[in-house]
Amino acid sequence: MALSNSERQRQYRQRRLGVGGKHERISCLVSIATKRSLERLAFHFDRTITGTIEMLINERTSEVLSQLDEDGQQRFFSQGFVSEDAQRSNPACDEADFVNLRRLPLKKQSK
């Protein structure tokens, strides 16, 4: 018997997000203007939305780390994960969460 769409989707998510998966799901509400900017950046860099977010975060992280001494880098990496309680109390981020990313000088990168 063929799998239903929901069963195929569940299997896909388990492969991507389950044990041994390489991804975690995030959910964030942003302003319409921020979403449009993200779409434009994705088009400009010929990437997916996910790829664009990853690129921006990785570039910004590298920039921050390059400005920290060894102790600062250790503190940065020891900050760990946001607790689930904190996520439940504030499940959506706002435009301010992306303000620092906007200051990032963007360079056209090859894939």
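33 is the number of the first residue of the sequence shown in our numbering; add one for each residue after it. Glycine included, C-beta positions come from ideal geometry on N, C-alpha and C.
Considering only the alpha carbon of each residue, which of the options lies closest to residue i?
i: residue 57; options: 82, 33 and 77; result: 82
i: residue 55; options: 76, 61 and 46; result: 46
For the alpha helix (DSSP H) holding residue i, just list the boundary residues, first then last.
i: residue 65; result: 64-76
i: residue 42; result: 37-49
i: residue 84; result: 81-98
i: residue 103; result: 102-110
Buried or exposed: where does residue i fall if 16 or more other Cβ atoms within 10 Å of its Cβ makes it buried?
i: residue 88; result: buried
i: residue 117; result: In this prediction, residue 117 has a pLDDT of 46, which is less than 50 and means its spatial position is unreliable; what the coordinates show is noted afterwards. Residue 117 should be labelled exposed.
i: residue 35; result: exposed
Round the Cβ separation of residue i and residue j to the nearest angstrom and send it over; I've been treating them as touching at under 8 Å.
i: residue 84; j: residue 70; result: 6 Å
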